[in-house]
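Residue numbers are given in numbering that gives the first Met the number 0: position 237 of the sequence shown equals residue 236, and the series is strictly consecutive.
A short worksheet on the structure shown next.
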Amino acid sequence: MKTFTYTLIFVFLLLIASFIAISFYSGIPDEPEEEKSTKVRYQDSSLHVEEEVLLPDLQLKAEAAILVNADTHQILYEKQINQSLPVASMSKMMTEYLVLEAIDQGTITWDQQIPISDYAYTISNTPGYSSIRLRKDLTYSIEELFHATAIHSANGAAIALAEAVAGNERDFVRRMNDTAKTFGMDDTVFVNSTGLNNQDLGAYRYEDLEHADNAMSVKDVATLGLALLNKHPEILETSSLADDTVSHGSQDSTTYYNTNAMLPEMNTEKISYPGVDGLKTGYTDAAGYCFTGTIKRGNVRYLSVIMGTENENARFLETKKLYEAIPKTEQ
0 MKTFTYTLIF VFLLLIASFI AISFYSGIPD EPEEEKSTKV RYQDSSLHVE EEVLLPDLQL
60 KAEAAILVNA DTHQILYEKQ INQSLPVASM SKMMTEYLVL EAIDQGTITW DQQIPISDYA
120 YTISNTPGYS SIRLRKDLTY SIEELFHATA IHSANGAAIA LAEAVAGNER DFVRRMNDTA
180 KTFGMDDTVF VNSTGLNNQD LGAYRYEDLE HADNAMSVKD VATLGLALLN KHPEILETSS
240 LADDTVSHGS QDSTTYYNTN AMLPEMNTEK ISYPGVDGLK TGYTDAAGYC FTGTIKRGNV
300 RYLSVIMGTE NENARFLETK KLYEAIPKTE Q
């Protein structure tokens, strides 16, 4: 009798143990299902990556690159996106952003006439620098200076704008860096409004700088570009112009051309590309050739950044590879 009782107790305990084990393991998914549910690889600032939508390695001949869906902020392609590199004139996008903010706030106006400082005049008339050759005896409107900066990457014009907004370039650069922090651009440092190497400023260079160049990661450049597009989409009305003219008094004027050879209106053989409407080029010896591009495909806008190519055309050709790799489902 005792043996039978013990057997019943043992069977009862065994059933309870089995029930507990089944309940425990039924709550744990199989490993393949767990991997499938992990779509987001990381989210940084406003950008995010889903592993399953990343484009394959395109073997781009550039130090760093990124392609972003500007509507969803989804990264579609990445190469060294967190590496801080000299950024050259692409840093002028922050100059443009702060000018447009000042316009919105009413602290400056488009038709406001700006005198040209010795600093802006000297840099504007230094051979080899992108310039519209500002004259010291004349004033220029904010709009003229802005167009020259956004279209022709004119360095003297960017300096004149910085001085108009903040009184002097150094205070303007503080605003650039403060704004970068608010955007979560952790791999960015600005030392001037133009992107020129500090030594290239000659007598106007800053002493005791920790960094000689404006530096950004392509992720931060993309973040800045998206902020500019989202807050001030009217920038594309300027960046898409193939050329513009600035008046130097009543007797003289200069027509200058967009540095973005991908614009369809530029009709550059093998480089101009349908749908491109911006955004900013850059070049210095330290940075190599760089380009932040914008393109509209169907109802979707994309933003790309290429940094550190070996020649002027390569930055556009590598950008073209990115655009041609965009999946049909994305468009």
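Beta carbons are placed, not taken as given, at the ideal position from N, Cα and C, and that holds for glycine.
Item	Value
Reference A61, options R173, V217, G248, D242, closest by Cα	V217
Cβ-based neighbour list, A313, same chain, cut-off 7 angstroms, excluding 5 preceding and 5 following	K60, Y288
Where S238 falls, given that 16 or more other Cβ within 10 Å makes a residue buried	buried
CA nearest to the CA of G371, picked from L54, L53, H47, S90	This structure leaves residue 371 out entirely; the chain is present only between 0 and 330.
D251 to R134 span [Cα, whole Å]	11 angstroms
Buried or exposed by the 16-neighbour rule on C-beta atoms within 10 Å, applied to R40	Its pLDDT being 44, under 50, R40 is placed unreliably in this model, and the coordinates cannot settle the point.
Backbone CA spacing between T291 and T181 [nearest angstrom]	21 angstroms
Endpoints, the beta strand (DSSP E) within which Y322 is located	Note, Y322: premise wrong, no beta strand (DSSP E); alpha helix (DSSP H) at 313-323.
Every unbroken beta strand (DSSP E) within the region 242-306, with a cutoff of 3 residues, ordered by chain	242-246, 252-256, 275-283, 287-296
Of the listed residues G166, A260, T222, nearest to L240 (C-alpha basis)	A260
Local Cβ density within 10 Å of N81, reported as buried at 16 or more and exposed below that	exposed
Length at least 3, wholly inside the region 88-154: the beta strand (DSSP E) runs in chain order	112-114, 138-140
Boundaries of the alpha helix (DSSP H) in which K230 is found, first to last residue	217-230
Run of the alpha helix (DSSP H) containing A61, from where it starts to where it stops	Counting along the chain, A61 falls outside any alpha helix (DSSP H), and DSSP gives it neither H nor E.
Buried versus exposed call for L160 [16 or more other C-beta atoms within 10 Å across all chains shown]	buried
Beta-carbon proximity of G274 to K295, cut-off 8 angstroms	yes
Per-residue DSSP class, three states only, for V67	strand
Candidates A285, I270, I102, D284, of which the one nearest A165 by Cα	I102
One or two residues paired with L84 in a DSSP bridge	M215
Between the CA atoms of K319 and F358 - distance to the nearest angstrom	Because the chain is modelled from 0 through 330, residue 358 falls outside the range shown and cannot be assessed.
Where N310 sits in the DSSP three-state scheme	coil
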